[in-house]
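So the sequence shown is numbered by our numbering: it starts at 47 and just counts up by one.
Written out below as structure tokens is the structure these notes cover.
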Amino acid sequence: IDGIHHNTTTDSGNFTASDAIGGDALNFLIGTASDGSYDMKGNIKNVGYWDSPLTQAQIQSIMEKTYSELIASEKTNLVSWWGLDSVVGDNQTRHIVVDEHDTTLGSELVDADASVFTSGTYGWNAVDANTISNDNNSLKIVYVDSEYGAQFDFAGAEDGFSTNLVDGQIYKVTLDTKINTGTARWIIYDGSTWNYSDYFTNTTFETITLYFKASSAGGCALKPASLGAGEIVWIDNLSVKAVSGNYGALL
47 IDGIHHNTTT DSGNFTASDA IGGDALNFLI GTASDGSYDM KGNIKNVGYW DSPLTQAQIQ
107 SIMEKTYSEL IASEKTNLVS WWGLDSVVGD NQTRHIVVDE HDTTLGSELV DADASVFTSG
167 TYGWNAVDAN TISNDNNSLK IVYVDSEYGA QFDFAGAEDG FSTNLVDGQI YKVTLDTKIN
227 TGTARWIIYD GSTWNYSDYF TNTTFETITL YFKASSAGGC ALKPASLGAG EIVWIDNLSV
287 KAVSGNYGAL L
């Protein structure tokens with residue numbers, strides 16, 4: 047406690063986050079019990095997870111540092127580091143915390159032509175009577191009768207998408223978007239609930255970044271929301287990549 051060694055407990059065997067106690071899979075949670083009970087009353091930041099024990103001297107050196115202040119030897123056997131003092135992306139819901147030790151991303155899942163709308167509309171489908179078209183190498187979505195514009199499914203069977211997602215994996219989505227008038231936002235269905243971006247109003251392209259955790263291998267989708275009469279939304283430069291590190295979500 048506070049960098050001072052008080053006691054040692056020894057155990058053996060392997061432990062993983064998927065181990066079960068009483069038949070219930072464990073969740074890796076910070077500041078609460080694995081079932082979400084017994085919330086800590088206080089503040090937590092700069093949490094590191096190593097896969098080997100640290101010496102008392104290492105703990106005393108690390109305990110007041112941010113990730114950027116760690117020296118190379120202190121990162122040896124470091125698995126993940128969460129600052130817990132900021133979130134990433136434009137998410138209005140399910141705020142995502144970055145694993146500062148591994149910010150790398152997987153390969154691009156959106157086909158190259160579909161990302162920049164080289165021609166056609168690829169796997170996009172207009173919702174209800176709304177219309178979609180390729181407008182100068184971007185997708186133009188015109189409101190007619192549904193606030194949800196058009197939908198693109200993140201599935202391997204979709205034209206323009208390379209593979210199904212992995213259940214439980216966190217993904218980073220970036221896109222450029224604009225609107226002719228009014229306000230709108232982008233939403234992602236993760237297989238169980240919707241993840242919303244901040245509202246945008248720019249009439250020139252701006253970049254939106256959303257993170258989500260897939261709850262279904264083939265049931266996730268992207269669409270605009272909150273469209274109204276006379277509104278047109280454009281999308282371009284769509285990217286979907288798996289997050290390599292152990293990103294988390296604030297509950």
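C-beta atoms are modelled at their ideal positions from N, C-alpha and C, and glycine is treated no differently.
Note that the structure is predicted; figures quoted are calculated from it, not measured.
{"query": "Cβ neighbours of residue 230 in the same chain (closer than 6 angstroms, five flanking residues each side left out)", "result": "270, 272, 273, 279"}
{"query": "Per-residue DSSP class, three states only, for residue 156", "result": "strand"}
{"query": "Whole-angstrom distance between residue 107 and residue 50, CA atom to CA atom", "result": "12 angstroms"}
{"query": "Whether residue 126 touches residue 145 by CB criterion (8 angstroms)", "result": "yes"}
{"query": "4-residue-minimum alpha helix (DSSP H) runs that sit fully inside the segment 100-145, ordered along the chain", "result": "102-108"}
{"query": "Span separating the alpha-carbon of residue 148 from that of residue 292", "result": "8 angstroms"}
{"query": "Entirely enclosed beta strand (DSSP E) segments - the segment 191-243, minimum 3 residues", "result": "196-199, 216-225, 231-235, 240-242"}
{"query": "Backbone secondary structure at residue 173 - three-state DSSP", "result": "coil"}
{"query": "Test item: CB-CB of residue 198 and residue 267 under 8 angstroms", "result": "yes"}
{"query": "Residue 123, buried or exposed, once every other Cβ within 10 Å from all chains shown has been counted against 16", "result": "exposed"}
{"query": "Residue 49 (DSSP reduced to helix, strand or coil)", "result": "coil"}
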